Amino acid sequence: GENVEQHPSTLSVQEGDSAVIKCTYSDSASNYFPWYKQELGKGPQLIIDIRSNVGEKKDQRIAVTLNKTAKHFSLHITETQPEDSAVYFCVIMNRDDKIIFGKGTRLHILP
Amino acid sequence: KAGVTQTPRYLIKTRGQQVTLSCSPISGHRSVSWYQQTPGQGLQFLFEYFSETQRNKGNFPGRFSGRQFSNSRSEMNVSTLELGDSALYLCASSLPSSGANVLTFGAGSRLTVL
């Protein structure tokens, strides 16, 4: 069935440096690729999304790139700040419209 | 604009019992979906309701069920609880369109089964 692999599972970066999280997926009919951020004690929150008719989208310090041929999409966070510490999830939707989350990446921003 | 409200936030049950969780979506959102979050399995899709009808279902046993009311509020029920059902149950609402939707999540209901 549909699957999405997310790497790394844990990532520690120095404050001010960049963080990159990557997701690869198997044969998917999805044309929508969102990223969610989950802070402690809260539900996930959409931070950025991309549709398959574009290759890159940027929103201030956050960007997402999509390579549909290679079946992967990545989240890029530049100039990381302490409030970026959280768990990040990539999401795909399979051909049955079922939502599939990656396993998550725990991002630690080091002072 | 109020967010997605889930009740109760925390609850403790024993094996064999049943539990009902409630979710009030954002006003105007007619689609409600439910997810189970555990450290081992991550976030897994349970089911989605739209206009009081189950539109999609994940790979969970029949002990997990749900429903949606005419005001779009939704409940999920787990019967004959097992230890492995201990998890954070998240509800998300979205606008009434098919395909790619932005999900707005509640804070979740943390269930502990003893």
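In order, the protein sequence lines correspond to chains A and B. Heads up, the first sequence is in my numbering, so the first residue is 1325 and it goes up one at a time. Heads up, the second sequence is in my numbering, so the first residue is 5 and it goes up one at a time. Positions of the beta carbon are idealized from the N, C-alpha and C atoms, including for glycine. Computed from a predicted structure; not experimentally measured.
- Query: For a contact meaning CB atoms closer than 9 Å, what does B:Ala6 contact in chain A?
  - Reply: In the second sequence, residue 6 of chain B corresponds to position 2, counting from 1. Correct list: empty, because the minimum Cβ distance to chain A is about 14 Å.
- A:Asp1420, DSSP secondary structure in three states: Your numbering for residue 1420 of chain A matches position 96 in the first sequence. Residue state, collapsed to three classes: coil.
- Message: Once DSSP output is grouped into helix, strand and coil, what is the label at B:Gly70?
- Response: Translated into the one-based positions of the second sequence, residue 70 of chain B becomes position 66. DSSP places B:Gly70 in strand when its eight states are reduced to three.
- Item | Neighbouring residues, chain B, relative to A:Asp1420 (Cβ below 8 Å) | Indexing the first sequence from 1 puts residue 1420 of chain A at position 96. Result: Asn60.
- Item | Own chain partners of B:Leu85 with C-beta closer than 7 Å, once the 5 adjacent residues on each side are dropped | Against the second sequence, residue 85 of chain B aligns to sequence position 81. So the list reads Lys17, Arg19, Gly20, Gln21, Gln22, Val23 and Val117, once near-sequence residues are dropped.
- Task: Consider the Cβ of A:Phe1425: report whether some Cβ of chain B lies at a distance smaller than 7 Å.
- Result: On the first sequence, residue 1425 of chain A is found 101 positions in, with the first residue counted as 1. Interface residue, yes.
- With distances taken between CB atoms, is the gap from A:Ala1410 to A:Gln1362 smaller than 7 Å? Taking the first sequence and counting its residues from 1, one reaches residue 1410 of chain A at position 86. Taking the first sequence and counting its residues from 1, one reaches residue 1362 of chain A at position 38. The answer is yes: Cβ separation under 7 Å.
- Task: In the DSSP assignment, find the unbroken beta strand (DSSP E) run with A:Ile1454 in it and report its ends.
- Result: In the structure displayed, chain A extends from 1325 to 1435; residue 1454 of chain A sits before or after that span and is not available.
- Message: For the pair the stretch 1392-1403 of chain A and the stretch 70-77 of chain B, tell me if three or more CB-CB distances fall below 8 Å.
- Response: The way I'd put it, the stretch 1392-1403 of chain A doesn't touch the stretch 70-77 of chain B; fewer than three beta-carbon pairs between them come closer than 8 Å.
- Check the C-beta distance from B:Ser113 over to B:Ser35 and give it rounded, since I have them as a contact under 8 Å. In the second sequence, counting from the first residue as 1, residue 113 of chain B sits at position 109. In the second sequence, counting from the first residue as 1, residue 35 of chain B sits at position 31. No, B:Ser113 and B:Ser35 are not in contact; Cβ-Cβ is about 19 Å, not under 8 Å.
- Which two residues bound the contiguous beta strand (DSSP E) that contains B:Thr11? In the second sequence, the residue the question calls residue 11 of chain B occupies position 7. For B:Thr11, the enclosing beta strand (DSSP E) has its first and last residue at Thr9 to Thr11.
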